[in-house]
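Asks: Chains as they are written, first to last, in the numbering used here: chain C, -9 to 412; chain L, 31 to 97. Here a beta-carbon is modelled for each residue, glycine too, at the ideal position from N, C-alpha and C. No experiment lies behind these values; they were computed from the predicted model shown.
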Amino acid sequence: MDFGSTFFYKYRRFVKALKIYLLLAGPGLIVMLADNDAGGITTYAVTGAKFGYGLIWFLLLLLPVAYVVQEMTVRLGAVTKRGHAEAIFDAFGSFWGWFSFLDLALVNWLTLITEFIGMTAALSIFHIPPVITVIVVSVIMMLMVLQGRYWTWEKIAILFAALNLIYIPAAFLVHPSVGEVLSVGLMPHFPGGFNGTLFFFLMANIGTTIAPWMIFFQQSAVVDKGMKEKDIPWGQLDTLIGSAFTVIVAIFVVVVTGTVLYGSEIESAAQAASIMMSTSPYLGTFIAIGLFDAGFLGAICISLASSWAFGEVFGWAHSLNLKIREAPWFYACYLFALVTAGIVVLIPNAPLVMITLFVQVIAVTLLPAALVFLILLLNNEEIMGKYRNTTLQNLAGCAIVIGIIILSTLYGITTLFPNLLT
Amino acid sequence: MTIGTATGGRISTVVCGWLEKIREINRKYATPRITMSRTVKFSLLMLRLYLVFLVILLGYKFWTMLQ
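1. Starting from the Cα of C/Gly280, find the closest Cα among C/Leu361, C/Ala260 and C/Pro181 and give me that residue.
2. Counting only C-beta atoms, is L/Ser73 closer than 7 Å to chain C at any point?
3. Please identify the residue among C/Leu100, C/Val303, C/Trp99 and C/Trp224 whose C-alpha is closest to the C-alpha of L/Ile55.
4. Could one say the Cβ of C/Leu456 lies closer than 7 Å to chain L's Cβ atoms, at least one of them?
5. How about C/Val174 and C/Tyr43: do their beta carbons lie closer than 7 Å?
6. Name, going along the chain, the residues of the region 100 to 116 of chain C whose beta-carbon falls closer than 7 Å to a beta-carbon of chain L.
7. Quick check: what's the CA-CA separation for C/Gly441 versus C/Lys40?
8. When DSSP labels each residue in this structure, what does C/Phe180 get in the three-state scheme?
9. Assuming L/Leu77 contacts C/Ala359 (C-beta within less than 8 Å), just tell me the rounded distance between them.
10. Can you give the Cα-Cα distance for C/Gln208 and C/Gln60, rounded to whole angstroms?
11. Just the chain C side, please: which residues come within less than 8 Å of L/Thr61 by C-beta, in chain order?
12. Buried or exposed: which applies to C/Thr423, given that a residue is buried once 16 or more other Cβ atoms fall within 10 Å of its Cβ?
13. Would you list, in sequence order, the uninterrupted beta strand (DSSP E) runs of no fewer than 3 residues that lie entirely inside the region 286 to 361 of chain C?
14. Can you pull the chain C neighbours of L/Leu87, defined as C-beta to C-beta under 8 Å?
15. Does the pairing of the region 229 to 240 of chain C with the region 379 to 386 of chain C give three or more beta-carbon distances under 8 Å?
16. Is DSSP giving C/Asp80 helix, strand or coil here?
17. Within the same chain, show all residues whose beta-carbon is closer than 6 Å to that of C/Ile395, passing over the 5 residues directly before and after it, in chain order.
18. With a cut-off of 7 Å, does the C-beta of C/Gly175 fall near any C-beta of chain L?
19. Chain L beta carbons: is any one of them nearer than 7 Å to that of C/Val362?
20. Nearest-angstrom Cα distance between C/Ser84 and C/Ala263?
21. Can you list, in chain order, the residues of its chain whose CB lies under 7 Å from that of C/Met62, leaving out five sequence neighbours each side?
22. Should C/Thr399 go down as buried or exposed, given a rule of 16 or more other Cβ atoms within 10 Å for buried?
23. For a contact defined as C-beta to C-beta under 7 Å, what are the partners of L/Leu81 on chain C?
24. What is the residue span of the alpha helix (DSSP H) that C/Met204 lies within?
25. Check this for me: beta carbons of C/Phe242 and C/Ala161, under 7 Å apart or not?
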């Protein structure tokens, strides 16, 4: 075969593979970019302002962490055709089932409030009142799910996920020194020495990488999408690409705040956007839009994760492919979570900071259980068959899960007792 | 029958329906499907201890906030 024929053959194969990927892509990309939700963007923004480019190398380590955990949900969902909530009930009985389900419902609802806090704060920079933000966001989110097709919902969600990449052009606007970003950022070190504050930030960055809702969301999304065992490699690729995007976005957020706000004491991404707005309106606008999008993306995934879990546990019809009259309880749960979370944000003098902190504490009660169940289920030959974890996957999975449990627990404890590390 | 009594009756029917649904779920998942190997038992025991530890910690925090 001559060069031209070989090239054409490989080109056709690539186009075919790309088409299949585009058809099957979705859950991994969406969950990973939604991982950079309002809380995540705030964590990265504050990290950049505090340590400059000094912790970029640490963010790179989060890629395998996110991939290894989320990849397991792809296999579990594709093989069992069940969401994580139902899988826990079935495998571990009603005690652990109810514990996981109720904890998930609570932590998701609280996290949803934090997403609304992020969205209202971002749009208030453009002088949009919180009440308008809450109403418009709720209406858009309802319209997204009510059109009656998972596929359409997924493609709209991917569009919003793509907007998460706005931090990349934002980083070019601040003209960082590429040499400095590479030399400081990629060299593993602890800026200012290893101390309590630095440890807190490392824990916060790990804590925001894997959240309980992500496990439940991706597994249910894989089931609702109708992915089968043969689609697992594509689901894995989707998750890998999503993990890469998560880390890329996180790094670019750090580059932006590390360049413009290094040494400043900021508390949130909204505050960073406000400060940048006064010096560079384009940059401030980019950061605010990114923060709004992050909150929006987080909100659509979290509210769906809860609705899917309710449907699985109570045996209600629970699919985005169903019309409202075919799955009324599923959509009612979705609407209820949205409306109540939105109302809490609008209550004058509501303890929003307390809620934000409380989320971290409640999350650490669920995350270890969800991760341990994931590992145990993935090791069960009766359930997983030939798709069960290999020794290498178990080594990586167990090491990462133990690391996440220790660090997220310490993060939760430090949130409860802030003076512990000082 | 007054409107109040009718509403109360409807609420109690809904609550009874929910309780029956919960009992049904408990019956359905009464027996864990997973084989209770030593690893599984150990993991579940560790999780229980972990949760007890967190409950104690939260209780302590609540107590110190009251002081």
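Replies: Taking the coordinates as given:
1. C/Ala260
2. yes
3. C/Val303
4. Coverage of chain C is limited to positions -9 through 412, which leaves residue 456 of chain C absent and any answer about it impossible.
5. yes
6. none
7. What the structure shows of chain C is the stretch from -9 to 412, and residue 441 of chain C is not part of that stretch, so it cannot be assessed.
8. coil
9. 6 Å
10. 7 Å
11. Gly83
12. Nothing about residue 423 of chain C can be read from this structure; chain C reaches only from -9 to 412.
13. none
14. Ile403 and Leu406
15. no
16. helix
17. Pro358
18. no
19. yes
20. 46 Å
21. Leu364, Leu368 and Gly387
22. buried
23. Thr355
24. Pro202 to Lys215
25. yes
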